[in-house]
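In what follows, a structure is listed as structure tokens, so that the remarks can point back to it.
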Amino acid sequence: MRVTFWGVRGSVATPGPETSAIGGNTSCVQVTCSDGTEIVLDCGTGVRALGNLHVASRPPGAVSILVTHHHFDHVEGLRFYAPIFLSDFALDLYPLPAPLGKKQSSPLDQFNGTTFPMKTDALVSKINQKIERREKFRIGPATISRLPLNHPGGASGIRIAEGGRSVCYMTDDELNPPNGHITTPKEIASFVRETDLLIHDAQYVPSDYPAKRGWGHSLVEEVLELAIAARCQRLALFHHDPSRTDEQVFAIERDARARMRDRGFPGDVFAAREGVSVKL
951 MRVTFWGVRG
961 SVATPGPETS
971 AIGGNTSCVQ
981 VTCSDGTEIV
991 LDCGTGVRAL
1001 GNLHVASRPP
1011 GAVSILVTHH
1021 HFDHVEGLRF
1031 YAPIFLSDFA
1041 LDLYPLPAPL
1051 GKKQSSPLDQ
1061 FNGTTFPMKT
1071 DALVSKINQK
1081 IERREKFRIG
1091 PATISRLPLN
1101 HPGGASGIRI
1111 AEGGRSVCYM
1121 TDDELNPPNG
1131 HITTPKEIAS
1141 FVRETDLLIH
1151 DAQYVPSDYP
1161 AKRGWGHSLV
1171 EEVLELAIAA
1181 RCQRLALFHH
1191 DPSRTDEQVF
1201 AIERDARARM
1211 RDRGFPGDVF
1221 AAREGVSVKL
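To convert, take the position in the sequence shown, counting from 1, and add 950; that gives our numbering.
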């Protein structure tokens, strides 16, 4: 598998000279399986550039987009994902399933003619919306596992495994929320155990607290402890705060690497940035 970052910023897109090195687009990660199967994790603004690539390359079969939750920074790019306006393109869209008895929402709800000028009838591609409630299912050669995370309104973590390799995408997760856990750090550590690449929300540093405690995002230090406890091979700090400049994110990265060296962590630790690919 190959993992490529197309959007790494949290909450709101932040274009400009102070964020260009890390990137200002919101959450979107591409996973390409060994047979070319394309799995896209979230469709924030980063999916726009990925869509241009998909128009040019035409991946085999349907592209699958797995949505961790429906907060706007994780779905807003779908409106500008060019392939959905092509009649010969196929998309399997996996929204976050609503609790039983509750109304199901979807990233497609944006196409309503009010908050966006186009309605769903403008989407001429073949879109197959799949409400997948199983904790484990398959897409092509990959096994997909989902885990509820600690985030207001709900969110899910995703593990993708193929051929003895795996990546875990755990964005919008507060490892130690103030009002009790949906999923405990111990349960999360079990879910991500020994993964080849852990991508985890690391939006906050101690100076951000207590004002933002309960907002559904993790402290960098807590994420480092998780990676150690779960014996992960590599760690990508993700969902960077929109107020953080490139230099501030790089400083967080340097401090995280030093801390992990002192703890004897054998793998790489890095701040996720747009355009970076990791081969598993």
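Quick reminder that beta carbons are idealized off the backbone N, C-alpha and C, glycines included.
Is it true that the CB of residue j sits closer than 9 Å to the CB of residue i?
i, j, result
"residue 1185", "residue 1210", "yes"
"residue 1196", "residue 1168", "no"
"residue 1142", "residue 1148", "yes"
"residue 990", "residue 1005", "no"
"residue 1191", "residue 960", "yes"
"residue 1021", "residue 1103", "yes"
"residue 1086", "residue 1075", "no"
Which residue or residues does DSSP assign as beta-bridge partners of residue i?
i, result
"residue 1150", "1120, 1187"
"residue 1218", "DSSP lists no partner for residue 1218."
"residue 1078", "1042"
"residue 978", "957"
Who are the Cβ neighbours of residue i in its own chain at under 6 Å, not counting the five residues just before and after it?
i, result
"residue 1217", "1183, 1184"
"residue 983", "951, 1090, 1091, 1092, 1112"
"residue 1227", "952, 954"
May I ask you to report which of helix, strand or coil DSSP gives residue i?
i, result
"residue 1110", "strand"
"residue 1126", "coil"
"residue 995", "coil"
"residue 1092", "strand"
"residue 1056", "coil"
"residue 1085", "coil"
"residue 1016", "strand"
"residue 1097", "strand"
"residue 1115", "strand"
Who are the near neighbours of residue i in its chain, counting only those whose CB is closer than 7 Å to its CB and skipping five residues on each side?
i, result
"residue 999", "956"
"residue 1127", "1100, 1164"
Quick one: what's got a C-beta closer than 8 Å to residue i's C-beta in the same chain, skipping five residues either side?
i, result
"residue 1066", "1029, 1060"
"residue 1202", "1152, 1155, 1170, 1187, 1194, 1221"
"residue 1083", "1047"
Quick one: is residue i buried, meaning 16 or more other Cβ sit within 10 Å of its Cβ, or exposed?
i, result
"residue 1121", "buried"
"residue 1170", "buried"
"residue 1161", "exposed"
"residue 1144", "exposed"
"residue 1234", "Nothing can be reported for residue 1234, as the shown portion of the chain is limited to 951 through 1230."
"residue 1064", "exposed"
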